[in-house]
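Trainee: Quick note on numbering that gives the first Met the number 0: the sequence shown kicks off at 0 and runs consecutively.
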Amino acid sequence: MDKNKSDLVRKTFEEVFGAEGDIRSYFAPGRVNLIGEHTDYNGGHVFPCALTIGTYGCARKRKDRKLRFYSINFKHLKVLESSIDDFVYNKKLGWINYPIGVMWAFKERGFEMDCGMDIMVLGTIPNGSGLSSSASIEVITGYMLKDMYGFDVSNQDLALIGQFSENNYNGVNCGIMDQFAIAMGKADNAIFLDTATLDYEYAPIKLEGAKIVIACSNKKRGLGDSKYNDRRRECETALAQLQKKLDIKSLGELTEEEFEANQDLIPGSVFRRRARHAVYENQRTVKAVEALKANDIETFGKLMNESHISLRDDYEVTGRELDVLVEAAWKQEGVIGSRMTGAGFGGCTVSIVKDDYVESFIEKVGNAYKARIGYRADFYVVDIGDGPMRVDEA
Ligand code: GLA
Numbered sequence: 000m001d002k003n004k005s006d007l008v009r010k011t012f013e014e015v016f017g018a019e020g021d022i023r024s025y026f027a028p029g030r031v032n033l034i035g036e037h038t039d040y041n042g043g044h045v046f047p048c049a050l051t052i053g054t055y056g057c058a059r060k061r062k063d064r065k066l067r068f069y070s071i072n073f074k075h076l077k078v079l080e081s082s083i084d085d086f087v088y089n090k091k092l093g094w095i096n097y098p099i100g101v102m103w104a105f106k107e108r109g110f111e112m113d114c115g116m117d118i119m120v121l122g123t124i125p126n127g128s129g130l131s132s133s134a135s136i137e138v139i140t141g142y143m144l145k146d147m148y149g150f151d152v153s154n155q156d157l158a159l160i161g162q163f164s165e166n167n168y169n170g171v172n173c174g175i176m177d178q179f180a181i182a183m184g185k186a187d188n189a190i191f192l193d194t195a196t197l198d199y200e201y202a203p204i205k206l207e208g209a210k211i212v213i214a215c216s217n218k219k220r221g222l223g224d225s226k227y228n229d230r231r232r233e234c235e236t237a238l239a240q241l242q243k244k245l246d247i248k249s250l251g252e253l254t255e256e257e258f259e260a261n262q263d264l265i266p267g268s269v270f271r272r273r274a275r276h277a278v279y280e281n282q283r284t285v286k287a288v289e290a291l292k293a294n295d296i297e298t299f300g301k302l303m304n305e306s307h308i309s310l311r312d313d314y315e316v317t318g319r320e321l322d323v324l325v326e327a328a329w330k331q332e333g334v335i336g337s338r339m340t341g342a343g344f345g346g347c348t349v350s351i352v353k354d355d356y357v358e359s360f361i362e363k364v365g366n367a368y369k370a371r372i373g374y375r376a377d378f379y380v381v382d383i384g385d386g387p388m389r390v391d392e393a
């Protein structure tokens with residue numbers, strides 16, 4: 000959380016919407032997933048953490064039922080308007096479908112806003128990077144509503160409400176990982192979450208002598224969301240075949256051995272490979288967290304690398320840009336592990352790099368990427384931050 004950014008949002012709020020009344024300031028982080036990819040809609044485990052970059056926001060209640068939004072990232076859009084009587088998805092409204100979706104989801108749960116509001120935001124998460132800028136907007140909106148209207152919901156509820164709005168208002172069939180990682184974030188800890196039960200545990204990330212480096216491919220996700228929904232359907236099809244013999248509710252219930260013994264039930268190599276990824280990635284995530292607890296960061300890194308290979312070959316969600324970044328990372332000295340993170344099809348990679356090599360890593364991987372892809376990648380050395388918060392509270 001950067002106080003200067005928060006002050007900028009407040010100042011811009013006053014310029015655009017006026018300085019009077021009870022204006023409150025908030026922050027919600029972005030997230031990076033360390034391991035456990037495409038497991039959250041398969042009843043498996045994930046291991047994400049919240050970042051110190053995210054979404055800054057200011058809000059004030061209105062006397063009427065209007066909603067007014069302004070994003071400092073999209074100044075050219077000026078003030079966008081809607082109303083609390085008009086919770087209907089409208090593609091033309093662009094990014095404000097996310098906060099409005101959350102307001103709608105609260106209403107579905109019986110929490111009705113009795114007046115409108117003015118909202119100003121500034122995001123420091125690169126757009127379309129796979130670091131969950133949309134889940135961050137959802138969670139900050141939920142946190143604002145909870146604080147300003149006194150809605151009695153927990154942070155875990157904010158995650159579920161955010162996911163519900165994204166699934167049912169914005170039509171992306173995402174799992175719970177992003178919203179959970181953001182709503183439940185804790186500085187210096189990753190969250191080991193069982194997505195089948197929502198049981199979770201914080202695991203301290205003590206990377207003595209190493210840093211988390213994110214490389215953003217700058218390849219925007221275009222078809223990403225529809226391919227994402229395709230992968231979900233492919234896993235559901237594979238699961239349905241396995242259920243003809245096995246009494247399981249999700250692919251996350253299977254060990255590697257059980258999968259190997261029963262994979263012939265799944266006709267077609269594509270469906271089989273999708274299911275194999277879901278099963279092995281879940282088991283890898285459990286093993287990675289065990290390794291981390293035993294301070295065995297080398298094994299953690301190897302499992303990250305295996306995760307990428309499985310996402311590349313079995314799940315087929317990496318694409319050339321992410322493969323070039325990761326394969327260049329693997330060749331560098333001081334790299335403990337590197338993989339794509341998030342949904343894939345563009346977006347970012349996450350690497351763990353020893354302190355002394357971070358600078359040369361950024362230079363060499365950056366050069367290799369530019370030479371092969373033709374445009375640059377951006378690098379961020381990140382810290383693990385807290386979940387959503389009120390910024391201006393005494
Ligand atoms: C996106 C989704 C998450 C998760 C990841 C892949 O970030 O929003 O729910 O499925 O992709 O692990």
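Where is the CB? At the ideal position from N, CA and C, for every residue including glycine.
Could you compute how far the alpha carbon of R275 sits from the alpha carbon of L192?
Mentor: The residue given as residue 275 occupies position 276 in the sequence shown. The residue given as residue 192 occupies position 193 in the sequence shown. The C-alpha of L192 is placed about 20 Å away from the C-alpha of R275.
Trainee: What are the complete beta strand (DSSP E) segments, minimum 3 residues, inside the segment 43 to 122?
Mentor: 47 to 60, 65 to 70, 79 to 82, 116 to 122
Trainee: With hydrogens ignored, establish whether the beta-carbon of G127 is closer than 6 Å to any heavy atom of the ligand GLA.
Mentor: Taking the sequence shown and counting its residues from 1, one reaches residue 127 at position 128. False, no ligand heavy atom lies under 6 Å from that Cβ.
Trainee: If we ignore side chains and look at the alpha-carbon of each, how far apart do V31 and I383 end up?
Mentor: Here residue 31 refers to the residue found at position 32 when the sequence shown is read from its first residue. Here residue 383 refers to the residue found at position 384 when the sequence shown is read from its first residue. Roughly 9 Å separates the two Cα atoms.
Trainee: Could you work out which residue in D146, V212, G20 is closest to G333 when comparing CA atoms only?
Mentor: Counting from one through the sequence shown, the residue named residue 333 turns up at place 334. Looking at the Cα atoms, V212 is the closest of the given residues.
Trainee: Say the cut is 6 Å; is the CB of M459 nearer than that to a heavy atom of the ligand GLA?
Mentor: Lying outside 0 to 393, the shown extent of the chain, residue 459 is not represented and no answer is given.
Trainee: Which residues in the same chain have their Cβ closer than 6 Å to the Cβ of D391, if we skip the five residues on either side of it in sequence?
Mentor: For the purposes of this step, residue 391 is taken as residue 392 along the sequence shown, with counting starting at 1. Cβ within range, chain order: S24.
Trainee: Looking at T54: is its Cβ nearer than 7 Å to the Cβ of A27?
Mentor: Here residue 54 is taken as the residue at index 55 of the sequence shown, counted from 1. Here residue 27 is taken as the residue at index 28 of the sequence shown, counted from 1. Contact flag set, yes.
Trainee: Rounded to whole angstroms, what's the CA-CA distance from L250 to T284? Just pull it up for me.
Mentor: Against the sequence shown, residue 250 aligns to sequence position 251. Against the sequence shown, residue 284 aligns to sequence position 285. Rounded to the nearest angstrom, the two C-alpha atoms are 14 Å apart.
Trainee: Output needed for R375: all residues of its chain with C-beta closer than 6 Å, excluding positions within five of it in sequence on either side, in chain order.
Mentor: Start at 1 with the first residue of the sequence shown, and residue 375 comes out as number 376. Taking C-beta separations shorter than 6 Å and ignoring five residues to either side along the sequence, the partners of R375 in its chain run K369, following chain order.
Trainee: Just checking my contact of P266 with Q240 at CB under 8 Å: how many whole Å lie between their CB atoms?
Mentor: Taking the sequence shown and counting its residues from 1, one reaches residue 266 at position 267. Taking the sequence shown and counting its residues from 1, one reaches residue 240 at position 241. Sure, about 7 Å apart at Cβ, within 8 Å.
Trainee: Could you compute how far the alpha carbon of R346 sits from the alpha carbon of S216?
Mentor: Here residue 346 refers to the residue found at position 347 of the sequence shown. Here residue 216 refers to the residue found at position 217 of the sequence shown. The amino acid at residue 346 is misidentified as Arg; the sequence shows Gly. Approximately 6 Å between the Cα atoms of the pair.
Trainee: On a CA-only basis, which of F86, D6, E36, G29 is nearest C57? Give me that one, please.
Mentor: The sequence position of residue 57 within the sequence shown is 58, counting from 1. Comparing alpha-carbon positions, the option among F86, D6, E36, G29 lying closest to C57 turns out to be D6.
Trainee: CA-CA distance, S350 and P125?
Mentor: The sequence position of residue 350 within the sequence shown is 351, counting from 1. The sequence position of residue 125 within the sequence shown is 126, counting from 1. Answer to the nearest angstrom: the Cα atoms are 17 Å apart.
Trainee: Please tell me whether, using a cut-off of 6 Å, the distance from the CB of C173 to the nearest non-hydrogen atom of the ligand GLA is below it.
Mentor: In the sequence shown, counting from the first residue as 1, residue 173 sits at position 174. Yes, the Cβ of C173 comes within 6 Å of a heavy atom of the ligand GLA.
Trainee: From L321 to D377, what distance separates their C-alpha atoms?
Mentor: Your numbering for residue 321 matches position 322 in the sequence shown. Your numbering for residue 377 matches position 378 in the sequence shown. The straight-line gap from Cα to Cα measures roughly 13 Å.
Trainee: Specify, as a first and last residue, the run of the beta strand (DSSP E) that V212 falls within.
Mentor: The sequence position of residue 212 within the sequence shown is 213, counting from 1. Where V212 is concerned, the enclosing beta strand (DSSP E) stretches over 209 to 215.
Trainee: Can you tell me whether N294 is buried or exposed, with buried defined as 16 or more other CB within 10 angstroms of its CB?
Mentor: Residue 294 sits at position 295 when you count from the first residue of the sequence shown. Exposed.
Trainee: Tell me which same chain residues have a C-beta within less than 8 Å of the C-beta of L197, skipping the five on either side of it?
Mentor: As a working note, residue 197 is residue 198 in the sequence shown. Counting only Cβ-Cβ distances below 8 Å, and skipping sequence neighbours, we find Q155, I175, F179.
Trainee: Run through the DSSP bridge pairs and tell me what F26 is partnered with.
Mentor: Along the sequence shown, read from residue 1 onward, the residue named residue 26 stands at position 27. Paired residues: Y55, M388.
Trainee: Taking all protein chains shown into account, decide if A134 is buried (16 or more other Cβ within 10 angstroms of its Cβ) or exposed.
Mentor: Position 135 of the sequence shown, counted from the start, is the residue given in the question as residue 134. With 16 or more other Cβ atoms within 10 Å, it is buried.
Trainee: Does the ligand GLA have even one heavy atom less than 6 Å from the beta-carbon of H307?
Mentor: Working through the sequence shown from its first residue, we reach residue 307 at position 308. Answer for H307: no, Cβ out of range of the ligand GLA.
Trainee: Run the proximity test for D39: is its beta-carbon closer than 6 Å to any non-hydrogen atom belonging to the ligand GLA?
Mentor: Numbered from its first residue, the sequence shown carries residue 39 at position 40. Yes - the ligand GLA has a heavy atom lying nearer than 6 Å to the Cβ of D39.
Trainee: Using a threshold of 7 Å, state whether the C-beta atoms of G184 and D385 are closer than that.
Mentor: For this step, residue 184 is matched to residue 185 along the sequence shown. For this step, residue 385 is matched to residue 386 along the sequence shown. Their beta carbons are under 7 Å apart, which means G184 touches D385 by this criterion.
Trainee: Tell me whether L192 sits in a helix, a strand or coil according to DSSP, three-state version.
Mentor: Counting from 1 along the sequence shown, the entry for residue 192 is found at position 193. Strand, per DSSP.
Trainee: Hey, is E36 close to the ligand GLA, as in C-beta under 6 Å from one of its heavy atoms?
Mentor: Here the question's residue 36 lines up with position 37 in the sequence shown. Because some heavy atom of the ligand GLA lies under 6 Å away, the Cβ of E36 counts as near it: yes.
Trainee: What does a CB cutoff of less than 7 Å around S82 pick up in its chain, not counting 5 residues either side in sequence?
Mentor: In the sequence shown, residue 82 corresponds to position 83, counting from 1. Closer than 7 Å at Cβ, skipping near neighbours: R64, K65, L66, G115.
Trainee: Beta carbon of Y142, beta carbon of P387: below 7 Å?
Mentor: The count along the sequence shown starts at 1 and reaches residue 142 at position 143. The count along the sequence shown starts at 1 and reaches residue 387 at position 388. Yes, Cβ-Cβ distance for Y142 and P387 is below 7 Å.
Trainee: Please tell me whether, using a cut-off of 6 Å, the distance from the CB of A237 to the nearest non-hydrogen atom of the ligand ATP is below it.
Mentor: Among the ligands present in this structure, namely the ligand GLA, the ligand ATP is not found.
Trainee: Let me make sure I understand the geometry here. Which of V120, V152, A158, G149 has the alpha-carbon closest to that of V138?
Mentor: If you number the sequence shown from 1, residue 138 lands on position 139. When each option's Cα is compared against that of V138, the closest is A158.
Trainee: Under the rule that 16 or more other beta-carbon atoms within 10 Å means buried, what is I308, buried or exposed?
Mentor: As a first step, residue 308 must be located in the sequence shown, where it is residue number 309. It is exposed - the Cβ of I308 has fewer than 16 other Cβ atoms within 10 Å.
Trainee: Please classify D177: is it buried, with 16 or more other beta-carbons within 10 angstroms of its beta-carbon, or exposed?
Mentor: Here the question's residue 177 lines up with position 178 in the sequence shown. Buried, because 16 or more other Cβ atoms sit within 10 Å of the Cβ of D177.
Trainee: Got a sec? Which residues, its chain only, sit under 8 Å from N172 by beta carbon, not counting five neighbours each side?
Mentor: By one-based count along the sequence shown, residue 172 stands at place 173. So the list reads Y40, N166, Y227, N228, R231, once near-sequence residues are dropped.
Trainee: Taking its Cβ as the centre, do 16 or more other Cβ atoms sit within 10 Å of S70, making it buried, or is it exposed?
Mentor: Residue numbering aside, residue 70 sits at position 71 when the sequence shown is read from its first letter. Buried, by the Cβ-count rule.
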